[in-house]
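Asks: Chains as they are written, first to last, in full-length UniProt numbering: chain A, 1 to 344; chain B, 1 to 344. Even glycine gets a Cβ: it sits at the ideal position worked out from N, Cα and C.
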DNA sequence: TGTCCGTTTGGAAACGGTTCACTACTATAT
DNA sequence: ATATAGTAGTGAACCGTTTCCAAACGGACA
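(1) Can you tell me which of B:279, B:31, B:33 and B:52 puts its alpha carbon nearest to the alpha carbon of residue 5 of chain B?
(2) Pick out whichever of A:30, A:23, A:240 and A:276 has its Cα sitting closest to the Cα of residue 266 of chain A.
(3) Cβ closer than 8 Å: which chain B residues qualify as neighbours of residue 121 of chain A?
(4) In the DSSP assignment, the alpha helix (DSSP H) including residue 169 of chain A goes from what residue to what residue?
(5) So, does the CB of residue 222 of chain B fall closer than 8 Å to a CB anywhere in chain A?
(6) Looking at residue 317 of chain A: is its Cβ nearer than 8 Å to the Cβ of residue 110 of chain A?
(7) When you compare each of A:122, A:118, A:129 and A:237 to residue 176 of chain A by their alpha carbons, which one comes out closest?
(8) Just grab the DSSP bridge partners of residue 326 of chain B for me.
(9) Could you give the distance in angstroms between the alpha-carbon of residue 99 of chain A and the alpha-carbon of residue 68 of chain A?
(10) Go through the stretch 84 to 127 of chain A residue by residue and report every complete run of the alpha helix (DSSP H) that reaches 4 residues or more, in order.
(11) Smallest Cα separation from residue 157 of chain A: which of A:180, A:284 and A:86?
(12) Can you tell me whether residue 25 of chain B is buried or exposed? The criterion is at least 16 other CB atoms within 10 Å of its CB, across all chains shown.
(13) Less than 7 Å between C-beta atoms, sequence neighbours within five positions excluded: which residues of the same chain meet that for residue 63 of chain B?
(14) When the distance is taken between beta carbons, is residue 306 of chain B closer than 8 Å to residue 154 of chain B?
(15) Under the three-state reduction of DSSP, which class applies to residue 146 of chain A: helix, strand or coil?
(16) Determine which residues share a DSSP beta bridge with residue 242 of chain A and list them.
(17) With residue 259 of chain A as the anchor, note down where its alpha helix (DSSP H) starts and where it stops.
(18) Starting from the C-beta of residue 185 of chain A, find all residues in its chain whose C-beta is less than 6 Å away, skip the five residues before and the five after it, and write them out in chain order.
(19) Taking its Cβ as the centre, do 16 or more other Cβ atoms sit within 10 Å of residue 151 of chain B, making it buried, or is it exposed?
(20) Is it the case that the Cβ atoms of residue 250 of chain B and residue 223 of chain B are separated by a distance below 8 Å?
(21) Among residues of its own chain, excluding the 5 on either side of residue 300 of chain B, which ones have a beta-carbon nearer than 6 Å to its beta-carbon?
(22) Cβ of residue 94 of chain A less than 8 Å from any chain B Cβ?
(23) Could you give the distance in angstroms between the alpha-carbon of residue 220 of chain B and the alpha-carbon of residue 80 of chain B?
(24) Looking at chain A, which residues of the stretch 68 to 95 of chain B have a Cβ within less than 8 Å of any of its Cβ atoms?
(25) Buried or exposed: residue 31 of chain A, going by 16 or more other Cβ atoms within 10 Å of its Cβ?
(26) For residue 309 of chain B, which residues from the same chain have a beta carbon less than 8 Å from its beta carbon, with the 5 sequence-adjacent residues on both sides left out?
(27) Which bits of chain A does residue 53 of chain B rub up against, with CB to CB less than 7 Å?
(28) Only counting the same chain, and skipping five residues up and downstream in sequence, which positions put a Cβ closer than 7 Å to that of residue 342 of chain A?
(29) Using 8 Å as the threshold, is the C-beta distance between residue 72 of chain B and residue 296 of chain A below it?
(30) Just the C-alpha distance for residue 27 of chain A and residue 37 of chain A, rounded to the nearest angstrom, thanks.
(31) Do residue 215 of chain B and residue 227 of chain B have their CB atoms nearer than 8 Å?
(32) Where do the N-terminal and C-terminal ends of the beta strand (DSSP E) with residue 289 of chain A fall, by residue?
(33) What's the call for residue 287 of chain A, buried or exposed, on a 16-neighbour Cβ count within 10 Å?
(34) Residue 18 of chain B lies in the alpha helix (DSSP H); which residues open and close that run?
(35) Bridge partners for residue 153 of chain A per DSSP, in chain order?
(36) Any Cβ of chain B within less than 8 Å of the Cβ of residue 288 of chain A?
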């Protein structure tokens with residue numbers, strides 16, 4: 001039961017090592033009969049090819065590198081989890097690295113991955129403005145935070161935002177505010193555009209234009225709370241009846257703000273988030289949100305890297321449609337436009 | 001600028017490949033002069049040794065495997081992030097895998113890691129009762145969820161729980177309830193024991209024993225909310241004035257329950273959580289909690305695996321002390337024991 | 001001066017696979 | 001029947017290191 005090598009298998013099966021190698025790699029020119037015999041021996045001996053020896057010659061590592069800014073962000077955590085699952089399904093393993101949103105660390109990680117000769121790299125770029133230095137010759141794909149000069153895959157943030165706001169408008173809301181993401185962030189800008197797309201043509205019950213109202217805030221919980229407090233701190237008649245937040249964390253913070261102001265949900269205020277992180281379905285009230293198809297996004301990224309799907313061109317990233325999950329944080333406004341009219 | 005190998009370096013430096021290898025590995029028997037010359041050439045050529053060729057011969061991969069049940073659990077996400085940082089500081093990279101809390105998947109992942117010839121494995125075992133099949137000869141260490149027949153490193157849950165409950169008792173609380181973790185979970189049992197350790201000798205202002213009160217619940221948010229609702233649904237005079245939750249997620253859920261019942265925090269109820277996840281410091285009120293020294297825990301796990309720290313013996317795991325972070329969710333009870341007495 | 005010993009270096013084997021040029025054999029076309 | 005093409009399988013070279021053994025060298029000691 002010593003260490004078994006390919007030549008033990010070859011010997012036991014009565015074939016040459018080259019043949020065993022071809023069986024291992026599903027090379028076509030092996031008789032079904034021989035293939036079966038070899039496989040039997042492999043199984044019998046519990047033989048496992050040494051990945052290092054294998055990679056050394058073939059230049060294929062079956063390793064994917066993934067670099068994200070911060071794993072404590074639940075959205076990225078979900079991404080990593082999905083990517084690992086997808087890679088696993090394609091027979092690959094994942095080397096995980098965190099860049100801590102620091103450009104220097106990011107560059108270092110990238111260099112390490114290149115040195116490891118991974119088959120591809122998935123990266124959520126750090127927020128610093130610099131262009132990432134991709135080791136050339138190595139497939140690299142950006143996810144979520146798209147970069148102009150690299151292929152990327154992401155949710156269609158703009159369309160997703162439209163769905164959210166259309167839903168709120170369809171419910172009868174007209175004073176719909178938006179907690180936008182940090183300016184400068186591509187996903188944030190896209191979501192804001194989606195919001196504006198819907199708001200611009202919108203008319204109230206008297207046919208008057210409605211004013212878009214948005215405030216920029218970081219994607220996190222606390223910023224969402226602050227933004228929510230700001231938006232809701234106005235007389236009831238002017239106060240938004242619905243808020244579209246650019247992230248679930250913001251939405252949850254905003255929800256908290258509403259709570260603190262004594263605004264009942266969803267009667268007094270509807271809130272819709274974005275991302276679909278697990279927590280969004282655990283809080284009370286359960287958050288209506290736009291869920292990003294993370295498994296599909298991750299799978300597309302992996303498939304592209306492995307050449308099993310065409311790599312998206314530089315200008316046009318691979319976009320995935322989001323889905324609206326209607327839950328408990330949204331409802332029709334208590335005072336419908338008609339009612340408001342009547343009460344004058 | 002073609003691919004550079006060790007022999008290009010050797011040639012350019014006028015030495016044998018073996019010598020270059022020795023320089024690379026800091027082998028002592030190389031003259032300072034030769035070493036310097038070789039290093040200069042290495043730098044000049046931008047040479048990077050191929051990790052595969054290196055690993056094949058030396059049997060050292062500089063790779064650490066980490067297997068956790070579920071990355072969407074923020075506690076595990078933090079663990080992974082810390083472990084990656086620690087591994088990185090030791091010149092290692094991390095292969096991340098998720099077991100989805102499934103014993104079969106877990107076994108498969110472990111086998112894959114063994115096949116990859118990682119230098120060590122960090123695992124948070126799935127909750128299934130089975131013993132994990134560790135590839136023998138491969139250093140493996142369990143974290144958080146300790147297993148009897150494997151070395152482990154974790155926070156001292158019992159002592160941490162004691163600190164939390166002592167803190168509440170010191171504040172003057174006597175009706176202190178506990179949301180225990182799921183029975184069967186080692187960390188949960190330990191935390192409950194810590195709670196009981198403090199409660200048993202506790203006496204109220206009249207010198208009477210106080211009754212421990214606890215309810216088992218899963219570690220997640222929703223379970224915490226349910227448990228909180230249960231504990232708080234009793235007449236004010238009997239209602240706990242403080243609750244020690246076994247996880248931050250439970251605590252946050254419980255906080256929500258208190259909110260729904262109109263109990264003001266921290267005036268009407270003090271809540272202390274456990275874990276110190278990032279979210280605990282973002283919510284309102286900021287959660288008083290027991291923070292696990294995750295960086296230290298992760299570093300200990302990595303160091304043990306790499307033999308740079310003695311591996312903890314099977315029976316006695318490596319325990320780390322937690323720290324109490326006093327924040328906004330806890331305060332003295334409004335009616336102190338003396339006051340209650342006086343008002344009779 | 002010669003011997004012995006320790007240190008530094010050179011050269012080649014080894015690691016465990018993949019790949020490639022080539023042979024042996026079969027089936028098909030001429 | 002013979003040339004031809006195609007397929008299965010062989011065996012050795014090769015990938016880029018580490019490691020081992022022996023050789024070269026230099027100093028200490030007799």
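Replies: In this structure, then:
(1) B:52
(2) A:240
(3) Contacts between residue 121 of chain A and chain B, judged by CB atoms closer than 8 Å, are missing: the closest CB pair is about 13 Å apart.
(4) It spans 157 to 171 - the alpha helix (DSSP H) in which residue 169 of chain A sits, taken as one unbroken run.
(5) yes
(6) no
(7) A:237
(8) In the DSSP output, where bridge partners are listed per residue, residue 326 of chain B has none listed.
(9) 6 Å
(10) 103 to 115
(11) A:180
(12) exposed
(13) 92, 93, 95, 116, 118 and 119
(14) no
(15) coil
(16) According to DSSP, residue 242 of chain A bridges with A:176 and A:270.
(17) 248 to 260
(18) none
(19) Around the beta carbon of residue 151 of chain B, a 10 Å sphere encloses 16 or more other beta carbons of the protein chains shown; the residue is thus reported as buried.
(20) yes
(21) Here the set comprises 153 and 318.
(22) yes
(23) 19 Å
(24) Residues are counted here when their Cβ sits less than 8 Å from a Cβ of chain A; for the stretch 68 to 95 of chain B these are 70, 71, 72, 74, 77, 78, 80, 81, 84, 85, 88, 93, 94 and 95, given in chain order.
(25) exposed
(26) Answer for residue 309 of chain B: 300 and 303, listed in chain order.
(27) 56
(28) With a pLDDT of 41 at residue 342 of chain A, under the threshold of 50, the predicted position of this residue should be treated as unreliable, though the coordinate-derived value follows. The answer is none, since no qualifying residue turns up.
(29) With contacts defined as CB atoms closer than 8 Å, residue 72 of chain B and residue 296 of chain A fail to qualify as a contacting pair.
(30) Roughly 15 Å separates the two Cα atoms.
(31) yes
(32) 288 to 291
(33) buried
(34) 17 to 24
(35) A:143 and A:318
(36) False, the Cβ-Cβ gap to chain B never drops below 8 Å.
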